[in-house]
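So the structure is just underneath, and the comments pick up after that.
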Amino acid sequence: ETGVTQSPTHLIKTRGQQVTLRCSSQSGHNTVSWYQQALGQGPQFIFQYYREEENGRGNFPPRFSGLQFPNYSSELNVNALELDDSALYLCASSLVPGGPYEQYFGPGTRLTVT
Amino acid sequence: KNQVEQSPQSLIILEGKNCTLQCNYTVSPFSNLRWYKQDTGRGPVSLTIMTFSENTKSNGRYTATLDADTKQSSLHITASQLSDSASYICVVSSGLGAGNMLTFGGGTRLMVKP
């Protein structure tokens, strides 16, 4: 157990809908990163939040957005869902951004878009 | 473009045998290299983190090596166990800022058979 939790564990949505995924970081960690992992592939970096501000973004369209709250928990929102958005969504928390610090991953949310 | 390539893509070994997984990267600047173990449908769990100045690091039966000159890393698993069956992902960090962007390899899927 890493202390990072995600909800829900599984989700089925229809193309065009919107979805919100949630992540609670490990105690004391102020940095949360989100990743998309398609089946059989490595995770792809979506964005990172540090102290409630976006701190870097990967190659994902604006319909992928996020928030970080004062308690450092985080949300990932995806609008206008597409079939290709079906994936395992992982969040990871770390003590600070950067440096050789551990990133602790949550168990993931499996999103299926039909 | 930052890239991390892993080989082999998949590997089957008998319980008790050793194996070595390879990782080549073209990430700049380089901050650190990490190896993760990921069970199917779960979040990755960190095995080792190595910075530029480290060329070997062990974690139990797992030993990672790093050659920063040739930009290669390996993960050696000794006396494999059935519980080692998982995907092993090599991840390279490009340093401070930009969300501590991590570049993930596609992983090596290891199956240990009795």
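Those sequence lines, one after another, are chains V and H.
Heads up, the final residue of the first sequence is numbered 114 in the working numbering, and it's a clean run with no missing numbers.
Heads up, the final residue of the second sequence is numbered 1114 in the working numbering, and it's a clean run with no missing numbers.
Glycine included, C-beta positions come from ideal geometry on N, C-alpha and C.
Computed from a predicted structure; not experimentally measured.
Measure the beta-carbon distance from residue i to residue j and round it to whole angstroms, keeping in mind my assumption that it falls under 8 angstroms.
{"i": "Ser93/V", "j": "Arg22/V", "result": "So it is not a contact: roughly 13 angstroms between Cβ atoms."}
{"i": "Leu111/V", "j": "Ala80/V", "result": "Their Cβ separation, rounded to whole angstroms, is 14 angstroms, which puts Leu111/V and Ala80/V out of contact at 8 angstroms."}
{"i": "Gln44/V", "j": "Tyr89/V", "result": "No, Gln44/V and Tyr89/V are not in contact; Cβ-Cβ is about 10 angstroms, not under 8 angstroms."}
{"i": "Tyr104/V", "j": "Gln6/V", "result": "Their Cβ separation, rounded to whole angstroms, is 12 angstroms, which puts Tyr104/V and Gln6/V out of contact at 8 angstroms."}
Does DSSP put residue i in a helix, a strand or coil?
{"i": "Leu39/V", "result": "coil"}
{"i": "Asp1067/H", "result": "strand"}
{"i": "Ser1074/H", "result": "strand"}
{"i": "Ser1028/H", "result": "coil"}
{"i": "Ser25/V", "result": "coil"}
{"i": "Ser1080/H", "result": "coil"}
{"i": "Leu1033/H", "result": "strand"}
{"i": "Leu111/V", "result": "strand"}
{"i": "Leu76/V", "result": "strand"}
{"i": "Leu83/V", "result": "helix"}
{"i": "Gln68/V", "result": "strand"}
{"i": "Ser1058/H", "result": "strand"}
{"i": "Phe60/V", "result": "coil"}
{"i": "Trp4/V", "result": "Note on identity: in this sequence residue 4/V is Val, with Trp being the wrong assignment. Of the three classes helix, strand and coil, the one that applies to Val4/V here is coil, per DSSP."}
{"i": "Thr1051/H", "result": "strand"}
{"i": "Thr20/V", "result": "strand"}
Between the Cα of residue i and the Cα atoms of the options, which residue gives the shortest distance?
{"i": "Tyr1036/H", "options": "Tyr1062/H, Thr1070/H, Ala1079/H", "result": "Tyr1062/H"}
{"i": "Phe47/V", "options": "Ala38/V, Ser65/V, Gln41/V", "result": "Ser65/V"}
{"i": "Gly1016/H", "options": "Ala1068/H, Ala1064/H, Gln1022/H, Ala1079/H", "result": "Ala1079/H"}
{"i": "Ser1094/H", "options": "Leu1021/H, Thr1108/H, Leu1082/H, Thr1026/H", "result": "Thr1026/H"}
{"i": "Val989/H", "options": "Leu1082/H, Asn1018/H, Phe1052/H", "result": "Outside the shown range of chain H (1001 to 1114) lies residue 989/H, about which nothing can therefore be said."}
{"i": "Tyr50/V", "options": "Val96/V, Gln18/V, Gln17/V, Pro107/V", "result": "Val96/V"}
{"i": "Val113/V", "options": "Thr9/V, Lys13/V, Gly106/V, Val4/V", "result": "Lys13/V"}
{"i": "Leu1021/H", "options": "Ser1028/H, Gly1105/H, Pro1029/H", "result": "Gly1105/H"}
{"i": "Val32/V", "options": "Pro107/V, Cys91/V, Tyr101/V", "result": "Cys91/V"}
Relative to chain H, which residues along the segment 3–19 of chain V have a C-beta separation below 7 angstroms, given in chain order?
none
Counting only Cβ-Cβ distances shorter than 9 angstroms, please list the residues of the segment 28–48 of chain V near chain H, keeping chain order.
Thr31, Ser33, Tyr35, Gln37, Gly40, Gln41, Gly42, Pro43, Gln44, Phe45, Phe47, Gln48
Can you find at least 3 beta carbon pairs, one from the segment 1072–1086 of chain H and one from the segment 1035–1051 of chain H, that sit closer than 8 angstroms?
yes
Tell me whether the segment 55–72 of chain V and the segment 1006–1017 of chain H touch, counting them as touching only if at least three CB pairs, one residue from each stretch, are closer than 8 angstroms.
no
Of all the residues that make up the segment 1037–1052 of chain H, which are near chain V by a beta-carbon distance shorter than 9 angstroms?
Gln1038, Gly1041, Arg1042, Gly1043, Pro1044, Val1045, Ser1046, Ile1049, Met1050, Thr1051
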